[in-house]
Amino acid sequence: MDLMRKIYTITEYYGDPRIKPFFLMDGPFYMLGITAIYLAFCLWIGPAIMSNRKPFKLHRTLRAYNILQVIICTWYTISGLVLIYNLDSNFFCEPLNSRTDYYNMQVLTYHWYYFVIKILDLLDTVFFVLRKKNSHITFLHLYHHSMVVICAWSATKFMPGAQASLIGLLNSFVHVCMYSYYYVASLGPKYRKYTGWKIWVTRLQIAQFLILFVHNSVALLINCAFPKPGLILMLAQSIILLYLFGNFYIKTYTVKCPLFDQKKGE
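Throughout the sequence shown, residue numbering follows our numbering, covering 9 to 274 in sequence.
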């Protein structure tokens, strides 16, 4: 209990006081609990429950989920562009601030929405478990989903807005394309001829990490007034995900192998 109290005290001391009243933002334990439950379900509990059961089809559920994600991510992308325009943001260096005017509080809320959307994204893996698509539950998949939740919470708690805003904007645009692809793939074999652009979704994912790497590298080099630990964390994540997605790209699209199973199309 003493350790938990110390962790809570540290996060509240360094956290942005404006975000504390928001749901799940009063200390890190709700977020860590959600992440731990997610990993436990996907790695052990879910597979054990499904071991002697037939896989669920979930066709309608997946279609509804993919459409919902497209709508949410489209809204988030447009909202981000409007905020960036109104705040006249600097791409290479946007310092932190503690202002409480309308637009800066909107940016704060915008960050919190991104964190909530990343929790919703965890359903991707839950659906894999229920459909017994265990081959899709890879290290890349689990690392990406769990770390994005942790990083989204951390960015929202300690450095909302400013330099960290581009992550949510880029990622949401990529997800508009990605979930659009998943929706078309979920319509069945008749529509498979319209899913040839899957490779471009992966390229977009890789491109976003390259952009974020440059974005945060420049800020670090010019001594931008933004917490250096935050910049280093974002750079490290960009490098790790570039490696993981690059490795996935090579294995899936450049190495001769059986046709990769459609993620949500079966």
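Virtual Cβ for every residue (Gly too), placed ideally from N, Cα, C.
Proximity winner among the options, relative to residue i (alpha-carbon distances)
i: Ile15; options: Leu195, Pro237, Tyr38 and Ile214; result: Tyr38
i: Cys81; options: Tyr199, Arg13, Phe123 and Ala172; result: Phe123
i: Tyr202; options: Ile214, Ser188 and Arg71; result: Ser188
i: Leu66; options: Leu218, Gly88, Lys141 and Phe221; result: Lys141
i: Leu212; options: Glu20, Gly254, Ile79 and Asn98; result: Gly254
i: Lys165; options: Ile214, Thr19 and Met12; result: Thr19
i: Ile45; options: Leu131, Ser106 and Tyr190; result: Leu131
i: Arg26; options: Ala227, Thr260, Arg200 and Tyr110; result: Tyr110
i: Arg71; options: Leu195, Gly204 and Asp24; result: Leu195
i: Asn105; options: Leu89, Asp24 and Cys185; result: Asp24
i: Asn112; options: Pro103, Leu95 and Phe99; result: Leu95
i: Val156; options: Gly41, Gln245, Val184 and Asn60; result: Gln245
i: Thr260; options: Ile207, Asn60, Leu239 and Trp161; result: Ile207
i: Met292; options: Leu11, Met12, Asn74 and Trp52; result: An answer regarding residue 292 cannot be provided, because it is not within the stretch 9 to 274 covered by the chain.
Short Cβ contact (9 Å threshold) for residue i with residue j
i: Val192; j: Val209; result: no
i: Gly169; j: Leu249; result: no
i: Thr43; j: Ile158; result: yes
i: Ile145; j: Ala163; result: no
i: Leu91; j: Phe256; result: no
i: Val134; j: Gly54; result: yes
i: Ala233; j: Cys50; result: no
i: Tyr22; j: Ser180; result: no
i: Ser154; j: His119; result: no
i: Pro63; j: Met167; result: no
i: Leu138; j: Gln77; result: no
Where residue i falls: helix, strand or coil (DSSP)
i: Arg13; result: helix
i: Lys272; result: Per-residue confidence for Lys272 stands at a pLDDT of 46, beneath the threshold of 50, marking its modelled position as unreliable; no derived number is given.
i: Ala233; result: coil
i: Asp132; result: helix
i: Glu20; result: helix
i: Leu267; result: Because Leu267 carries a pLDDT of 47, less than 50, the predicted location of this residue cannot be relied on, and the following value inherits that uncertainty. Coil at Leu267, not helix or strand.
i: Thr108; result: coil
i: Trp205; result: coil
i: Gly254; result: helix
i: Pro197; result: helix
i: Gly238; result: helix
Delimiting residues of the alpha helix (DSSP H) encompassing residue i
i: Phe181; result: Ser173 to Ala193
i: Pro25; result: It is not in any alpha helix (DSSP H) - Pro25 carries neither H nor E in the DSSP assignment.
i: Ser59; result: Premise fails: Ser59 is in no alpha helix (DSSP H) and is neither H nor E.
i: Phe166; result: Phe147 to Phe166
i: Leu32; result: Segment: none, Leu32 is in no alpha helix (DSSP H) and carries neither H nor E.
i: Asn98; result: Asn98 -> no alpha helix (DSSP H), and no H or E assigned at all.
i: Phe64; result: That residue, Phe64, is in no alpha helix (DSSP H); it is neither H nor E in DSSP.
i: Leu40; result: Phe37 to Ala48
Residue i Cβ short of 8 Å to the ligand PLP heavy atom set
i: Thr210; result: The model on display carries no ligand, and the ligand PLP is accordingly not part of it.
Beta-carbon separation (whole angstroms), residue i vs residue j, contact threshold 8 Å
i: Leu252; j: Tyr151; result: 7 Å
i: Leu218; j: Leu178; result: With a Cβ gap of about 10 Å, Leu218 and Leu178 do not count as contacting.
i: Ala291; j: Gln171; result: Lying before the first or after the last residue shown, residue 291 is absent from the chain, which here runs from 9 to 274.
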